[in-house]
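Residue numbers (my numbering): 2 to 294. Each remark here refers to the structure printed beneath this line.
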């Protein structure tokens, strides 16, 4: 009885954490092996230790999330030709794996060894305003960056503290996406908004690239068009109102239409031949009449 109560309680917690997305995925055609990893809540002392170590204050919503579950992992696959293909993955690192993106420089490294901080060689390279988009983070000491999700090697979703000073506790944070070309793309201002965004996109491959100007890969677009057609089509409209650069439009009636044959003017030829025959008959009749005379 106690085990059944624990299972019911866990299902209730999982249902609230996933916002019911597990049932939606299980009812989708072809989706199999929907797995949600059960995790214990993080301890308050581990959160305090993380804040003291990194000189940052965790956002209130992220703190509440870690006090509910120490990380998040939900995966699902698709069955193709009797084979399960992993497709979706939603992940948020645990407190222990919420590590800085820029690791401390080793004492044994060369002084001239390249690092990510070299990308900030120009002071105003990332300070340019592009409309309402916030200023991009820096790879040097002006920003403190922590990895929330490795995105399967396609980039990194990061918790970013900007405008930092040495020895000063950072409090304001944002959620940014760092693509494989080391370019920053703003996602959300709060962790709660990012969490809902992740659930809405079903953890599809490269869904974060929908917030980049070049978008996801063609293969990722195919998965999105299959399992997320409404959001996928709206993102295409936002990216390109015409949609010509993303979708190849094919008119089957024009592409597979046979060549039309020009009809021959048979009636005119018959009419002309009939006139010619009547002229010949009249001429022959005149000859015969002349001969009789």
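Every residue, glycine too, gets a C-beta built ideally from N, C-alpha and C. Here the structure is a predicted model, which is why all the values come from computation and not from measurement.
Just how far apart, CA to CA, sit residue i and residue j?
| i | j | result |
| --- | --- | --- |
| residue 101 | residue 59 | 14 Å |
| residue 174 | residue 82 | 45 Å |
| residue 171 | residue 189 | 18 Å |
| residue 50 | residue 209 | 30 Å |
| residue 142 | residue 64 | 24 Å |
| residue 215 | residue 228 | 21 Å |
| residue 161 | residue 25 | 32 Å |
| residue 184 | residue 55 | 24 Å |
| residue 167 | residue 144 | 10 Å |
| residue 165 | residue 16 | 38 Å |
| residue 32 | residue 80 | 7 Å |
| residue 97 | residue 230 | 36 Å |
| residue 46 | residue 95 | 14 Å |
| residue 181 | residue 223 | 21 Å |
| residue 85 | residue 191 | 35 Å |
| residue 57 | residue 163 | 11 Å |
| residue 154 | residue 66 | 24 Å |
| residue 203 | residue 89 | 7 Å |
| residue 99 | residue 52 | 11 Å |
Using the three-state DSSP reduction, which class does residue i fall into: helix, strand or coil?
| i | result |
| --- | --- |
| residue 136 | coil |
| residue 1 | What the structure shows of the chain is the stretch from 2 to 294, and residue 1 is not part of that stretch, so it cannot be assessed. |
| residue 19 | helix |
| residue 196 | helix |
| residue 59 | coil |
| residue 244 | Confidence is the limiting factor: at residue 244 the pLDDT is only 44, short of 50, which leaves the residue's position unreliable and the question unanswerable from this model. |
| residue 145 | strand |
| residue 36 | strand |
| residue 160 | strand |
| residue 69 | helix |
| residue 52 | helix |
| residue 221 | helix |
| residue 175 | strand |
| residue 207 | coil |
| residue 47 | helix |
| residue 167 | coil |
| residue 101 | strand |
| residue 182 | coil |
| residue 189 | strand |
| residue 95 | coil |
| residue 87 | strand |
Under 8 Å Cβ to Cβ from residue i, same chain only, skipping five residues before and after it: list those, please.
| i | result |
| --- | --- |
| residue 27 | 35 |
| residue 200 | 19, 20, 22, 91 |
| residue 30 | none |
| residue 68 | 42, 43, 45, 48 |
Leaving out the 5 sequence neighbours to the left and right, which residues in its chain are closer than 7 Å to residue i when beta-carbon positions are compared?
| i | result |
| --- | --- |
| residue 151 | 157 |
| residue 178 | 156, 158, 186, 188, 209, 212 |
| residue 70 | 18, 40, 42 |
| residue 87 | 76, 78 |
| residue 218 | 207 |
| residue 93 | 72, 73, 149, 150 |
| residue 62 | 191, 192, 193 |
Any beta-carbon of chain C closer than 9 Å to the one on residue i?
| i | result |
| --- | --- |
| residue 60 | Annotation note: the requested chain C is absent from the structure, which comprises a single protein chain. |
Excluding the 5 residues preceding and the 5 following residue i in the sequence, name in chain order all residues of the same chain whose CB lies nearer than 6 Å to its CB.
| i | result |
| --- | --- |
| residue 221 | 206, 207 |
| residue 169 | none |
| residue 176 | 188, 189, 195 |
Is there contact between the segment 62–80 and the segment 35–51, where contact requires at least three CB pairs shorter than 8 Å?
Cβ pair count under 8 Å is three or more, so yes.
Would you check if there are 3 or more beta carbon pairs closer than 8 Å linking the segment 191–209 to the segment 132–146?
When Cβ pairs closer than 8 Å are counted between the two stretches, the segment 191–209 is seen not to touch the segment 132–146, the count staying below three.
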